[in-house]
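The opening residue of the sequence shown carries number 6 in this note's numbering; numbering runs sequentially from there.
We put the beta carbon where it would ideally sit given N, CA and C, even for glycine.
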Amino acid sequence: MCGLKLNERIDKIEAEVNKEIQDVMDGKSVKNINQLVGIVEELRKMKNEECLNINYTRFIIDSWDYSDSLGIELLDLAESYKKIVKGK
């Protein structure tokens, strides 16, 4: 299991992504729901240390607005996770 603080961050961001999924379903967001569902799956794998390569960063960089706050949080989380995984 990765660090407690990282797990708490993953939980917080996962909740934000789930809210974004609901916003898409309610017509309040135009993000790609398949991308969001994939992000949730990767976040869960990250918590269980099953995720060695994080793929969601590619489509955030390629298709989301560079100033999107959720995208920024997700990219920052990916960087933190990579540092922890490399340190093991």
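- With 16 or more other Cβ atoms inside 10 Å of its own Cβ, V22 counts as buried.
- A Cβ-Cβ contact shorter than 9 Å links K52 with I15.
- With contacts defined by Cβ atoms closer than 9 Å, S74 and Q40 do not form a contacting pair.
- Per the coordinates, the alpha-carbon of G76 lies some 8 Å from the alpha-carbon of D70.
- In this structure, the alpha-carbon of E47 lies about 24 Å from that of K33.
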